[in-house]
Amino acid sequence: PIDVVDYTGKPAADAEKALEKAGFKVSIDSTFNDKVAKGLVISQDPRDGTKFKGDTITLSVSKGPDLVKVPDVVNKKKNDAIQVLKDAGFKVQAFPGGNYPVKSQSPGSGSMAKRCSTVNISSF
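Each residue of the sequence shown is one higher than the one before, starting from 254 at the first, in the working numbering.
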């Protein structure tokens, strides 16, 4: 029997190395997480207890936040810009009024922002 050490919150590479050295097989599942930094263990199954050599320990590892590149919508008509941003996975806060060209956006084009966050577009 081998005692299982909990590596939650620790670097995944260190956890994998230590668990394999202890005699376990390691399965890694990577997922986006806004609260746990990239490369750290979000959770572990089992977290503790006693297992045997060759048993599998599963680590859920953070890929960090789900970031998306913000498309350039400056000079596009408002309705087209809204659709481009929504297709990229963003919410949109747009200026009131007609379908005028976009003059500015925040965050700016090419920057990385969290999926489902809001991009503000303005006509002035």
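The C-beta atom is built at its ideal place from N, Cα and C for all residues, glycine as well.
query	result
Could you name each continuous beta strand (DSSP E) segment of 3 residues or more that falls completely within the stretch 278-333, going from the start of the chain to the end?	278-284, 294-298, 309-315, 320-322
Under the rule that 16 or more other beta-carbon atoms within 10 Å means buried, what is A366, buried or exposed?	buried
Which residue or residues does DSSP assign as beta-bridge partners of Q336?	Per DSSP, none; premise fails for Q336.
Grouping DSSP H, G and I as helix and E and B as strand, with all else coil, what is D259?	coil
Tell me the residue span of the alpha helix (DSSP H) that contains A347.	Where A347 is concerned, there is no enclosing alpha helix (DSSP H), given that its DSSP letter is neither H nor E.
Taking the C-alpha atoms as reference points, what is the distance between D298 and D282?	11 Å
Under the rule that 16 or more other beta-carbon atoms within 10 Å means buried, what is E273, buried or exposed?	exposed
Could you give the distance in angstroms between the alpha-carbon of K291 and the alpha-carbon of S359?	25 Å
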